[in-house]
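Engineer: The sequence shown runs -16 to -1, 1 to 87 under mature numbering (1 follows the signal peptide of the UniProt record, and there is no 0).
Heads up, the beta-carbon is just placed ideally off N, CA and C, and yes, glycines get one too.
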Amino acid sequence: MRSALLAGLLALSACASQPRVQTTIPAAMLGIQASLAQAGAVSVSHAADWTPERAARHEEAARLIADLAALRDRVAEPIMNWNGRHCAPRRPAVPFVGGFILL
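Laid out in structure tokens, this is it:
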């Protein structure tokens, strides 16, 4: 009984001794965005505010990705168009995760 109690206390204290990580939501989101950009993702955030040049760059990147895709991804078929609305693509779908088209 005593050994079971001691083992239980040790197990619980191991979880309690972890240092708390403090960050803000904007800082965490920036970290995620930086990781996705480093991985080669194309952002579709604030699509309604894009300049024509930014929209053209996005369309070019999306077409490149679609051309590189060998198979349709039925799970990720709906992607965001340049207005930020969801649409069904005419080309093979590209992986789409949380506002980013993955390269």
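Per DSSP, what kind of secondary structure is residue 27 in: helix, strand or coil?
Structural biologist: strand
Engineer: Measuring CA to CA, which of 33, 32 and 27 is closest to residue 44?
Structural biologist: 27
Engineer: Would you tell me roughly how many angstroms separate the C-alpha atoms of residue -12 and residue -6, rounded to the nearest one?
Structural biologist: 10 Å
Engineer: Does DSSP classify residue -16 as helix, strand or coil?
Structural biologist: coil
Engineer: Could you give the DSSP three-state label for residue 4: helix, strand or coil?
Structural biologist: coil
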